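Undergrad: Here's a structure for you.
There are 2 protein chains.
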Amino acid sequence: MKYPAGIKNKITSVPVEKLEKKSYSHSHSNRGMLLEEDINETNKFYNCHDVAVIHKKPTPIQVVNVGNGKGDYSTITKAFFQSKSTTDYNGIYRNKYIDFEAKETKNKTTFPLTNFHEHQIRHMEKVIKHGAICFAIIRFTTRNETYLVKSSDIIFHYNKMDTTKKKSMSYKTIKEIGELIPLQFKIRLDYLPIVDKLFFN
Amino acid sequence: MKYPAGIKNKITSVPVEKLEKKSYSHSHSNRGMLLEEDINETNKFYNCHDVAVIHKKPTPIQVVNVGNGKGDYSTITKAFFQSKSTTDYNGIYRNKYIDFEAKETKNKTTFPLTNFHEHQIRHMEKVIKHGAICFAIIRFTTRNETYLVKSSDIIFHYNKMDTTKKKSMSYKTIKEIGELIPLQFKIRLDYLPIVDKLFFN
Numbered sequence: 064m065k066y067p068a069g070i071k072n073k074i075t076s077v078p079v080e081k082l083e084k085k086s087y088s089h090s091h092s093n094r095g096m097l098l099e100e101d102i103n104e105t106n107k108f109y110n111c112h113d114v115a116v117i118h119k120k121p122t123p124i125q126v127v128n129v130g131n132g133k134g135d136y137s138t139i140t141k142a143f144f145q146s147k148s149t150t151d152y153n154g155i156y157r158n159k160y161i162d163f164e165a166k167e168t169k170n171k172t173t174f175p176l177t178n179f180h181e182h183q184i185r186h187m188e189k190v191i192k193h194g195a196i197c198f199a200i201i202r203f204t205t206r207n208e209t210y211l212v213k214s215s216d217i218i219f220h221y222n223k224m225d226t227t228k229k230k231s232m233s234y235k236t237i238k239e240i241g242e243l244i245p246l247q248f249k250i251r252l253d254y255l256p257i258v259d260k261l262f263f264n
Numbered sequence: 064m065k066y067p068a069g070i071k072n073k074i075t076s077v078p079v080e081k082l083e084k085k086s087y088s089h090s091h092s093n094r095g096m097l098l099e100e101d102i103n104e105t106n107k108f109y110n111c112h113d114v115a116v117i118h119k120k121p122t123p124i125q126v127v128n129v130g131n132g133k134g135d136y137s138t139i140t141k142a143f144f145q146s147k148s149t150t151d152y153n154g155i156y157r158n159k160y161i162d163f164e165a166k167e168t169k170n171k172t173t174f175p176l177t178n179f180h181e182h183q184i185r186h187m188e189k190v191i192k193h194g195a196i197c198f199a200i201i202r203f204t205t206r207n208e209t210y211l212v213k214s215s216d217i218i219f220h221y222n223k224m225d226t227t228k229k230k231s232m233s234y235k236t237i238k239e240i241g242e243l244i245p246l247q248f249k250i251r252l253d254y255l256p257i258v259d260k261l262f263f264n
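Protein chains in written order, with the working numbering: chain A, 64 to 264; chain B, 64 to 264.
This is the structure in structure tokens:
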């Protein structure tokens, strides 16, 4: 997808998105570690260009103490990270509810299914039942390859774990059943054309 | 809606939901302050009974410091609340993306529209454009009355603010254009039948 000069600035000034302080420019060499950043940037592009409205859910944090005792109630002084009860991303695209999780592995030959929490798998099962577009974006960081895999396939392999004792999906399988998402400069990880192909045809 | 004995326990043990430590039982007298709790309990019921999958998004928190210096990296020692860029609740219902915000006011006669952040209004406009079911649940706490108001109506009145300088919607208007959500014992705030009526007919 092409966009006119100046749009890049427009994207990073979208008010609905909090901008990270760190720079968004990164070379191919460290791209593997920045899957979340790639997805967030892509979603900003989609949001800004009215293609879709998809957001990352904030990490749930249990706040224990607030304030420093000097009347400041805006600073959290004690809190804990909580585990997520759903997937990381959701929103709306082409009138449909869209829901996905992003995972990366340094492993070259297999993707460990234990990367998914049990309740994330159950969440995916539920939303599919209600008509969602649901998938996972899986990156093999050392290969610098990112695949979109339908959640129905993930769930199939996850549920087989109990009987086969095989707690992973091979790179070969993911390459076969998934779709490679091209890494690009302008739209980092342009996954919606693949969603079009897999879910709207 | 009726449900068999024992279901209440089943609901509160749903693993996908973090249970709050505070008791969920509360009398009519303090119901007004517990809109969020009422909605969360209702969503748990819907989720548990496969009616819909709707979750509250966690409050975004910017983590500044983690760990107490003794090798503990699970405790957050400094963080700040961030403002939300979207609405509080979203999910899927009857194949549709559903998105809403909950607000309460102690005011008896008017609902201040400044309760909505500008970016929440813009978010609602966007998701409506993409085909979402979008609304607000508004509670007048002193009246103990809760209304479901379509976001298109909220947006209409919000956008009028600039010209009319009227920064609120009257109770009378909300009573007219909204739908009263009955407060019940079993399903606290059974709002989906109203969604059926307003968005699926």
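From the three backbone atoms N, C-alpha and C, an ideal C-beta is built for every residue, glycine too.
Quick caveat: nothing in here was measured; it's all calculated off a predicted structure.
To be precise: take each residue of the region 147–181 of chain B, compare its Cβ to all Cβ atoms of chain A, and keep it if any distance is under 9 Å. Which residues remain?
TA: Here the close residues are 147, 148, 149, 153, 154, 155, 156, 157, 158, 159, 160, 161, 162 and 181.
Undergrad: Report yes or no: do the region 155–164 of chain B and the region 186–201 of chain B share at least 3 C-beta pairs separated by less than 8 Å?
TA: Yes, the region 155–164 of chain B is in contact with the region 186–201 of chain B.
Undergrad: Mapping the DSSP letters down to three states, classify residue 245 of chain B as helix, strand or coil.
TA: Coil, per DSSP.
Undergrad: Could you check what DSSP says for residue 168 of chain B in three-state terms: helix, strand or coil?
TA: The answer is strand: DSSP assigns residue 168 of chain B an E or B state.
Undergrad: Listed from N- to C-terminal order along the chain, which residues in the region 102–114 of chain A have their beta-carbon within a distance smaller than 8 Å of any beta-carbon of chain B?
TA: Of all residues in the region 102–114 of chain A, 110 and 113 have a Cβ within less than 8 Å of some Cβ in chain B.
Undergrad: How about residue 255 of chain A and residue 109 of chain A: are their beta carbons less than 8 Å apart?
TA: Closer than 8 Å, so yes.
Undergrad: Given that residue 258 of chain A touches chain B, what residues does it touch there, using C-beta distances under 9 Å?
TA: Residues of chain B passing the Cβ test: none, with the nearest at roughly 14 Å.
Undergrad: For the beta strand (DSSP E) containing residue 256 of chain B, name the first residue and the last one.
TA: Careful: residue 256 of chain B lies outside any beta strand (DSSP E), inside the alpha helix (DSSP H) at 255–262.
Undergrad: Give a yes or no on contact between the region 142–161 of chain B and the region 140–156 of chain A, applying the rule of three or more CB pairs nearer than 8 Å.
TA: Flag = yes, the region 142–161 of chain B and the region 140–156 of chain A touch.
Undergrad: Would you verify that the beta carbon of residue 139 of chain B is, or is not, closer than 8 Å to some beta carbon of chain A?
TA: Yes, its Cβ sits closer than 8 Å to a Cβ of chain A.
Undergrad: Below 8 Å on the Cβ atoms is my contact criterion, and I expect residue 252 of chain B with residue 261 of chain B to pass it. Report the Cβ-Cβ distance as a whole number of Å.
TA: Not a contact, Cβ separation roughly 15 Å.
Undergrad: Residues of chain A with CB closer than 7 Å to the CB of residue 120 of chain B, please, in chain order.
TA: Per Cβ cutoff of 7 Å: 120 and 121.
Undergrad: Looking at chain A, is there any beta carbon in it that lies within less than 8 Å of the beta carbon of residue 116 of chain B?
TA: Yes, its Cβ sits closer than 8 Å to a Cβ of chain A.
Undergrad: Could you list which residues in chain B have their beta carbon closer than 8 Å to that of residue 144 of chain A, in chain order?
TA: Going along chain B in sequence order, the residues near residue 144 of chain A (Cβ under 8 Å) are 137 and 139.
Undergrad: Name the chain A residues that come within less than 8 Å of residue 213 of chain B, Cβ to Cβ?
TA: Those within 8 Å of residue 213 of chain B in chain A number zero; the least Cβ separation is about 17 Å.
Undergrad: Which residues of the region 186–214 of chain A have a Cβ closer than 8 Å to any Cβ of chain B? Give them in chain order.
TA: Result list: 186, 189, 190, 192, 193, 194 and 195.
Undergrad: Give me the DSSP bridge partner(s) of residue 161 of chain A.
TA: Note: residue 161 of chain A sits in a beta bridge opposite A:154 and A:196.
Undergrad: At 8 Å on the CB atoms, spell out the chain A contacts of residue 124 of chain B, in chain order.
TA: The contacting residues are 121, 122, 124, 126, 139 and 142.
Undergrad: Going by DSSP in three states, residue 213 of chain A sits in which element: helix, strand or coil?
TA: The answer is strand: DSSP assigns residue 213 of chain A an E or B state.
Undergrad: Taking 8 Å as the threshold (C-beta atoms), are residue 158 of chain B and residue 193 of chain A in contact?
TA: Taking 8 Å as the Cβ cut-off, residue 193 of chain A and residue 158 of chain B qualify as a contacting pair.
Undergrad: Our contact map puts residue 138 of chain B next to residue 130 of chain B with C-beta atoms below 8 Å; I'd like the distance itself, whole angstroms only.
TA: Yes, residue 138 of chain B and residue 130 of chain B are in contact; Cβ-Cβ is about 6 Å, under 8 Å.
Undergrad: Is there at least one Cβ from chain A nearer than 8 Å to residue 78 of chain B's Cβ?
TA: Bear in mind that the predicted position of residue 78 of chain B carries a pLDDT of just 34, short of 50, making it unreliable; the figure below should be weighed with that in mind. Closer than 8 Å to some Cβ of chain A, the Cβ of residue 78 of chain B qualifies, so yes.
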